[in-house]
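A short worksheet on the structure shown next.
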Amino acid sequence: MEDNRSAFNSDEYDKKVNNVLPYYSQYNKQIYDIIENLELSEFCWLDTGCGTGNLINGIKDKYPKGRFVLCDPSLGMLNCAKEKLSSQNNIEFINISSQELNFKSFFDIVTSVQSHHYLDKQQRQIAVTNCYKALKDKGVYITFENIALSTKESDSFGEKRWKNYLIAHGKTPEEAEKHLARRGVELLPITINEHLELLHNTGFRSVDIIWASYMQAGFLAIK
Ligand SMILES: C[S@@+](CC[C@H](N)C(=O)[O-])C[C@H]1O[C@@H](n2cnc3c(N)ncnc32)[C@H](O)[C@@H]1O
């Protein structure tokens, strides 16, 4: 029985995620580099769709004066994150989705990694708007998401590459097909241009792509 909307239950997520997401470790590396270059010593950071807490786990020791809020609608995922990070007293956990966030101008940093691609356009807009509202002026929103490529032709080629990645990382061709069949049904990826438009329309004054591969991309938006 699934306990969250990713491909894996929370207890097997960490072991298996690299086998289905090419460049998974890159997302966090890019985020850490941005945070380092912001040169903030004290900050409030919201990670929505935190999953098992990998992002904050990899950086928390560097910023003892940082305050972290980790949110996820899956209790299974959030409990894994709590287990990993329970020794910290500067971390709070909240069992809610991005559409339920209700913070106003509170955070310096909001991150959302691979957690909004389950949403249709309307719900995604609500989620991103809540991230925007949660930020202070000049706060940064960093998001990594599955993407659709710009034409049917390029998207099919991207899917082919992803399928071969899945097979190279342990899936049978049938399992790889089944995994990809989630796209457009359980996962609703949008193109890079649609991401940029969404972020601009939400009100961010500065919006950029910071990283991209053939099926995922990262964006940095400044309030
Ligand atoms: C692929 S995992 C990513 C987890 C984590 N961010 C990471 O990078 O490992 C997707 C996560 O998004 C969460 N999620 C699903 N729907 C969400 C929503 N509407 N708002 C926020 N998180 C959501 C899931 O519960 C799951 O933990």
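Just so it is clear: in the sequence shown, position 95 is 85 by the working numbering, and no numbers are missing.
For every residue, glycine included, the Cβ atom is placed at its ideal position computed from N, Cα and C.
Query, Result
"Within 10 Å of its beta-carbon, does Val130 have 16 or more other beta-carbons around it, so buried, or fewer, so exposed?", "buried"
"For the alpha helix (DSSP H) that Lys153 lies in, which residues bound it at each end?", "142 to 158"
"Based on the DSSP secondary-structure assignment, which residues constitute the bridge partners of Asp37?", "Leu60, Thr101"
"Quick one: what does DSSP say Gln115 is sitting in, helix, strand or coil?", "helix"
"Please state whether DSSP places Ser95 in a helix, a strand or coil.", "coil"
"So, under 8 Å CB-CB, Glu82 and Val59 are touching, yes? Tell me the CB distance rounded to an integer number of Å.", "5 Å"
"Roughly how many angstroms separate the alpha carbons of Val103 and Thr133, rounded to a whole number?", "5 Å"
"For the structure I just gave you, are there three or more beta carbon pairs, one from the segment 176 to 188 and one from the segment 138 to 150, closer than 8 Å?", "yes"
"What do you reckon, is the C-beta of Arg151 under 7 Å from a heavy atom of ligand 1?", "no"
"Please name the residue or residues paired with Ala71 in a DSSP beta bridge.", "DSSP output for Ala71 lists no bridge partner at all."
"Does DSSP classify Met(-9) as helix, strand or coil?", "A caution first: Met(-9) carries a pLDDT of 48, below 50, which makes its placement in the model too unreliable to give a value."
"Give a yes or no on whether the C-beta atoms belonging to Ser88 and Cys121 are separated by under 8 Å.", "yes"
"Do Gly208 and Gln20 have their CB atoms nearer than 8 Å?", "yes"
"Take Asp198 and list the residues in its own chain whose beta-carbon comes closer than 6 Å to its own, dropping the five residues that flank it on each side.", "Leu210"
"Would you kindly work out how many angstroms separate the C-alpha atoms of Glu149 and Lys72, rounded to a whole number?", "34 Å"
"Can you tell which of Leu36, Arg195, Lys161 has the C-alpha that lies nearest to the C-alpha of Ile212?", "Arg195"
"For Asn44, count neighbouring C-beta atoms within 10 Å of its own C-beta (all shown protein chains included) and say buried if the count is 16 or more, exposed if not.", "buried"
"DSSP puts Ser196 in a beta bridge; with which residues?", "Ile212"
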